[in-house]
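Below is one structure; the comments refer to it alone.
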Amino acid sequence: MVAPIRSALVLFLLGAASAASAQDPTPDPRVPSLTPREFEIRGDVRVALPQIERQPLSGFGPPPRNYVVPADRAAVTAAYDPDLADLPALVLAPPSQPDADILVPERLRAEGTYGNSAARTGRFNLALPVASGQLLADADYDGLGASDDADEVGFDRLSGGASIRTGGAVQFELFGRGLFDRYGLPGIRERQNLTSTPIRSLTQFEGGVGVEGLGATPFLLQARYSADRLEPENASLMSGIGEDQSAGQVDARGEITLFDRVRVDAGGGVIGLDGGLGQDVQYGAAGAAIRLGRPGGPELTLGARGLAYTVASGAGDGDATAIAPIVDLSIPAGPTIRLFASNDPMLVTRGLADHFQVNPFATAQPVLAPDVLRVNARAGAEITNGPVRLRGFAHYVEAPTWLVFDRSGDGLFIEGYESVRVQGVTAEAAIVSRSGISFEAGVTLRESRISDSGGVNVIPFYAPNTARAGVQVPFSRGRLALTAYRVAERPADRADRTSAPAYGVLSADARFDIASMISVVAQADRLAGTVEEWPGYRLPGTTVRAGLRVTL
27 MVAPIRSALV
37 LFLLGAASAA
47 SAQDPTPDPR
57 VPSLTPREFE
67 IRGDVRVALP
77 QIERQPLSGF
87 GPPPRNYVVP
97 ADRAAVTAAY
107 DPDLADLPAL
117 VLAPPSQPDA
127 DILVPERLRA
137 EGTYGNSAAR
147 TGRFNLALPV
157 ASGQLLADAD
167 YDGLGASDDA
177 DEVGFDRLSG
187 GASIRTGGAV
197 QFELFGRGLF
207 DRYGLPGIRE
217 RQNLTSTPIR
227 SLTQFEGGVG
237 VEGLGATPFL
247 LQARYSADRL
257 EPENASLMSG
267 IGEDQSAGQV
277 DARGEITLFD
287 RVRVDAGGGV
297 IGLDGGLGQD
307 VQYGAAGAAI
317 RLGRPGGPEL
327 TLGARGLAYT
337 VASGAGDGDA
347 TAIAPIVDLS
357 IPAGPTIRLF
367 ASNDPMLVTR
377 GLADHFQVNP
387 FATAQPVLAP
397 DVLRVNARAG
407 AEITNGPVRL
417 RGFAHYVEAP
427 TWLVFDRSGD
437 GLFIEGYESV
447 RVQGVTAEAA
457 IVSRSGISFE
467 AGVTLRESRI
477 SDSGGVNVIP
487 FYAPNTARAG
497 VQVPFSRGRL
507 ALTAYRVAER
517 PADRADRTSA
527 PAYGVLSADA
537 RFDIASMISV
547 VAQADRLAGT
557 VEEWPGYRLP
567 GTTVRAGLRV
577 TL
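Just add 26 to the spot in the sequence shown (first one is 1) and you have the numbering used here.
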């Protein structure tokens with residue numbers, strides 16, 4: 027507004043001056059003053075500035091003295107008593123378990139050793155991921171001396187197997203195993219004055235399938251078939267060790283856990299000798315138990331299991347039936363102490379090959395029957411404090427059927443099944459240091475009785491006490507280990523008139539890694555003297571062997 031008015035005044039004054047000079051021809055030497063003496067401005071002058079809105083400052087003042095919680099955010103203090111009947115049905119599904127592409131790392135390990143007394147071993151282990159599962163395979167060979175040795179037991183033993191197992195929440199398994207065991211019987215040669223040592227061979231093949239569920243309701247189903255054969259290699263000596271024999275066994279078992287507390291299991295099978303599958307032995311067991319309590323606190327499992335078998339073979343017959351309680355009690359008595367008590371009744375079944383694994387020098391054509399452990403109880407305490415673990419317990423076994431061996435006149439051992447009672451105590455200790463050095467030891471004192479006979483009747487060749495110990499010392503490129511096992515003098519007959527000598531097994535082994543995949547291994551066995559578990563069948567003395575191990 028000011029600038030236009032000022033411009034108009036200047037033009038007006040210039041115009042007036044021009045008119046005056048035109049009327050007065052005489053020039054005025056004075057310079058006119060262009061500054062107005064007085065002027066007046068009329069109107070309103072307004073200045074409008076934009077308004078700037080700023081974020082309000084907060085957090086700098088003191089907090090309120092009393093924070094008022096809104097009613098809709100207040101804590102619930104009343105008793106929670108929902109009406110579950112009005113709630114919809116709750117359906118919970120176990121989380122999906124993705125298929126495992128690699129369950130085990132790809133690995134191959136092979137090992138071989140040789141030493142004095144022709145002590146020899148071979149080991150092979152393979153683990154491979156296959157599709158969504160895994161393939162496991164192994165083979166083990168042990169040999170010692172010569173099978174026809176006149177004074178000591180020589181043997182060749184080869185066992186191996188393979189299994190394929192899928193991954194996922196439901197896993198399927200296909201497996202198979204084989205065994206070949208060839209060994210001499212020098213005890214027969216000595217008793218019967220034979221010119222050469224009889225040799226036995228035992229073969230076994232078994233295969234089966236299984237399925238296991240790992241979801242909210244775990245279960246396991248498995249079925250297998252086993253074919254065994256025992257035969258002498260020297261037909262001219264067949265009268266000394268009996269004729270050959272074959273056996274077939276079909277076995278199945280299953281178990282399931284319901285509601286994370288109830289466990290149900292069942293199993294059974296049949297055994298047939300010399301082609302008569304299922305005609306000689308039938309056995310079965312079934313049970314159920316419920317677990318009470320909570321993890322970390324006292325837990326109690328209660329149930330019952332029924333056991334039964336029937337034997338009707340040409341060599342003998344018999345049967346047994348039992349129903350026994352299942353008990354498993356665990357009570358934490360402090361941060362490091364746990365008290366426990368249990369009773370786990372069971373059937374211990376054996377096929378033909380299993381029977382001769384218990385005693386390789388048993389007579390041919392045996393009667394096969396399971397052990398029926400009606401009472402298999404233990405009670406004790408366990409202390410765990412850092413690297414130290416101590417455990418002690420008393421145990422008691424009552425079995426209406428139990429396999430025992432008596433020495434026969436021909437130098438072999440004949441089987442029998444008796445009602446027995448075994449009671450004793452066991453103490454165990456284990457220590458693992460921070461450097462990795464580990465030590466373990468255990469001792470068992472026990473007493474056995476054949477309960478169906480009067481007088482002194484003990485289980486033959488059943489040691490009244492045993493002891494074991496072991497130590498391992500690792501270092502940067504390998505390890506050293508020492509193990510010891512001691513068996514006391516044992517009764518050699520039921521009346522305890524004769525005894526079998528005590529024996530001990532002391533072994534040492536070492537491994538030294540010379541490269542990332544190659545190691546030198548060495549082992550010394552039977553360092554404590556003569557080992558003769560069964561009288562008349564002595565193993566060779568101290569053997570030392572060494573070899574290489576390759577790991578890929």
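Beta carbons are placed, not taken as given, at the ideal position from N, Cα and C, and that holds for glycine.
Bear in mind that the values here come from a model prediction, so they are computed numbers and not experimental data.
Inset, instruction - Give every residue of the same chain whose Cβ lies closer than 7 Å to the Cβ of GLY159, excluding the five residues on either side of it in the sequence, and list them in chain order. - result: LEU129, ILE190, ARG191, THR192 and GLY193
Legend entry - Reference ARG564, options ALA157, THR147 and SER173, closest by Cα: SER173
Inset, instruction - Could you have a look at ARG575 and say whether DSSP puts it in helix, strand or coil? - result: strand
Inset, instruction - Quickly, what does DSSP pair ASN260 with across the bridge? List them, please. - result: DSSP output for ASN260 lists no bridge partner at all.
Inset, instruction - Could you give the DSSP three-state label for PHE150: helix, strand or coil? - result: strand
Legend entry - Euclidean distance between Cα positions of LEU256 and GLY204: 14 Å
Inset, instruction - Within its chain, find whatever has a CB closer than 6 Å to the CB of GLY298; leave out the 5 residues flanking it on each side and keep chain order. - result: GLY274, GLY304, GLN305 and ASP306
Legend entry - Nearest-angstrom Cα separation, counted from PRO566 out to GLU178: 6 Å
Legend entry - Residues that DSSP places opposite ASN411 in a beta bridge: VAL414
Inset, instruction - Compute the Euclidean distance between the alpha carbons of VAL290 and LEU200, then round it to the nearest angstrom. - result: 24 Å
Legend entry - Segment contact, 8 Å Cβ cut-off, at least three pairs: the segment 358–367 with the segment 455–475: no
Inset, instruction - Please report how far the alpha carbon of ALA315 lies from the alpha carbon of PHE419, in whole angstroms. - result: 23 Å
Legend entry - Short Cβ contact (8 Å threshold) for ILE357 with PRO371: no
Legend entry - The beta strand (DSSP E) enclosing PRO371, as first and last residue numbers: Element bounds for PRO371: n/a, residue is neither H nor E.
Legend entry - Nearest residue (CA-CA) to VAL513, options SER477, ARG537, VAL557 and ILE544: VAL557
Inset, instruction - With a cut-off of 8 Å on the beta carbons, I'd call ARG571 and GLY141 a contact; round off their distance for me. - result: 3 Å
Legend entry - Nonlocal neighbours in the same chain, by C-beta distance under 7 Å from PRO527, ignoring five residues either side: GLU515 and GLU558
Legend entry - N-terminal and C-terminal residue of the alpha helix (DSSP H) that GLY213 is part of: 212–218
Legend entry - Sequence-distant residues of its chain with Cβ nearer than 8 Å to ASP519 (five each side left out): ASP432, ARG433 and PRO486
Inset, instruction - With a threshold of 16 other CB atoms inside 10 Å of the CB of PHE181, please say whether the residue is buried or exposed. - result: buried
Legend entry - 6 Å CB neighbourhood of VAL276 in its chain, flanking five on each side removed: TYR251, GLY295 and VAL296
Legend entry - For ASP168, the residue or residues it bridges with in DSSP: THR147 and ARG183
Legend entry - Outcome for SER143 when other beta-carbon atoms lying within 10 angstroms are tallied against a minimum of 16: buried
Inset, instruction - Compute the Euclidean distance between the alpha carbons of ALA334 and ASP522, then round it to the nearest angstrom. - result: 31 Å
Inset, instruction - Please classify ASN483: does DSSP put it in a helix, a strand, or coil? - result: coil
Legend entry - Member of LEU532, GLY202 and VAL196 whose CA lies at the smallest distance from the CA of LEU162: GLY202
Inset, instruction - Report all residues from its chain with a CB closer than 6 Å to the CB of TRP560; omit the five preceding and five following residues, and keep chain order. - result: PHE387
Legend entry - Rounded distance between the beta-carbons of TYR309 and LEU373, thought under 8 Å: 6 Å
Inset, instruction - Take THR577 and list the residues in its own chain whose beta-carbon comes closer than 6 Å to its own, dropping the five residues that flank it on each side. - result: ARG135 and MET543
Inset, instruction - Apply the 10 Å Cβ neighbour rule to GLU424 and answer buried if 16 or more other Cβ atoms are within range, or exposed otherwise. - result: buried
Inset, instruction - State the beta-bridge partners of ALA253 as determined by DSSP. - result: PHE231 and GLY274
Legend entry - Paired residues, beta bridge with GLU559 - DSSP: Answer is none; GLU559 lacks a bridge partner.
Legend entry - Contacts around ARG460, its chain only, beta-carbon distance under 8 Å, and the 5 residues preceding and following it disregarded: PRO413
Inset, instruction - Pick out whichever of TYR167, GLY322, PHE382 and LEU184 has its Cα sitting closest to the Cα of ALA359. - result: GLY322
Legend entry - Helix, strand or coil at LEU246 [DSSP, three-state]: strand
Legend entry - As assigned by DSSP and simplified to three states, the class of ARG552: coil
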